[in-house]
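Per the working numbering, the very first residue in the sequence shown carries number 562; after that it's consecutive. Here is the structure we will look at, set down as structure tokens.
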Amino acid sequence: MNVLGYTFKDKSLLQKALLHSSARQGENNEVLEFLGDALLGFVVAEELFKMHPDWDEGMLSRARAYLVKEESLGNVAKKLGLGKYLRVGKEGERDGYRENISILADAFEAVLAAIYLDGGIRPVRAIIRRLLLKDIDEDEIYDDRSRLQEIVQSKFKEVPKYRVVSEKGPPHRRMFKVVVEISGKVVGEGEGRSKKLASQRAAGVAMKWLKEHEGV
Ligand code: MN
Numbered sequence: 562m563n564v565l566g567y568t569f570k571d572k573s574l575l576q577k578a579l580l581h582s583s584a585r586q587g588e589n590n591e592v593l594e595f596l597g598d599a600l601l602g603f604v605v606a607e608e609l610f611k612m613h614p615d616w617d618e619g620m621l622s623r624a625r626a627y628l629v630k631e632e633s634l635g636n637v638a639k640k641l642g643l644g645k646y647l648r649v650g651k652e653g654e655r656d657g658y659r660e661n662i663s664i665l666a667d668a669f670e671a672v673l674a675a676i677y678l679d680g681g682i683r684p685v686r687a688i689i690r691r692l693l694l695k696d697i698d699e700d701e702i703y704d705d706r707s708r709l710q711e712i713v714q715s716k717f718k719e720v721p722k723y724r725v726v727s728e729k730g731p732p733h734r735r736m737f738k739v740v741v742e743i744s745g746k747v748v749g750e751g752e753g754r755s756k757k758l759a760s761q762r763a764a765g766v767a768m769k770w771l772k773e774h775e776g777v
């Protein structure tokens, strides 16, 4: 049986990974999910670390959180059609567990663990690269600018204004400081190795400010 482009030597591992707790008493994929969760976090961290030597710890953590969140995994699993292989009980069939993003995300993690136990870390790494890391949309990860813009437009009928207030350091290690203004007032500032990143951080700070001071 071939799932996620991997052929299992020990098919019982895959069967266990696809066994939802509603299907049978006492046996299910939860322990494999536990292991898969840790593997996924490790491999994603390692890959991001190698792919983006210029990112700091904050960016790496955020990118990892985005990539391993339930919604991301569940959607990948759904696209792959993992749901049709899942074994669920009567209630599961009735309540659409095969389409449930959270259940699919867990099954995806369990399958990764099963692949690891069957074939080691290499196939797991290859699958994670191919399915999760291929095209990371940085703007989707760092979407504070868009979120702030939505809030400010609806509440103040204007758009936030960003201004670079300082640039420091040699060209290969430049640091930018950006402030964001609403109605001419500075409501947040952020630093980063690019203007884009600095402004995303400033937007994040501005959202906290708005929450505290304006209740939005
Ligand atoms: Mn999980």
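We put the beta carbon where it would ideally sit given N, CA and C, even for glycine.
Boundaries around I712 are those of the alpha helix (DSSP H), 705 to 717, since no beta strand (DSSP E) includes it.
Look at the beta carbons and you see the stretch 595 to 608 touching the stretch 677 to 695: at least three pairs across the two are nearer than 8 Å. Secondary structure at K651: helix, using DSSP grouped into helix, strand and coil. Residue ranges of uninterrupted alpha helix (DSSP H) with 4 or more members, entirely inside the stretch 655 to 705 and ordered along the chain, are 662 to 680, 682 to 689, 699 to 702. Taking L593 as the centre and dropping the five residues before and after it, the same chain places the C-beta of K577, A578, A671, A674, A675 closer than 7 Å to its C-beta, in chain order. With fewer than 16 other beta carbons inside 10 angstroms of its own, P731 counts as exposed. Put simply, the backbone Cα of M768 is about 20 Å away from that of A626. For the alpha helix (DSSP H) assignment, the uninterrupted runs of no fewer than 4 residues enclosed by the stretch 584 to 612 are, from N- to C-terminal side, 591 to 612. Nearest in C-alpha terms to E632, of all of R690, R623, P614, A666, is A666. Shown here for K570: same chain residues with a beta carbon closer than 6 Å to its own, the five before and five after excluded, namely D679 in chain order. Assignment of V629 by DSSP, reduced to helix, strand and coil, places it in the helix class. Considering only K718, L574, L693, R708, the residue with the shortest C-alpha distance to V637 is L693. A residue is called buried when at least 16 other Cβ atoms come within 10 angstroms of its Cβ; G642 does not meet this threshold and is exposed.
By the neighbour-count criterion, in which 16 or more other beta carbons inside 10 Å mark a residue as buried, M620 falls on the buried side.
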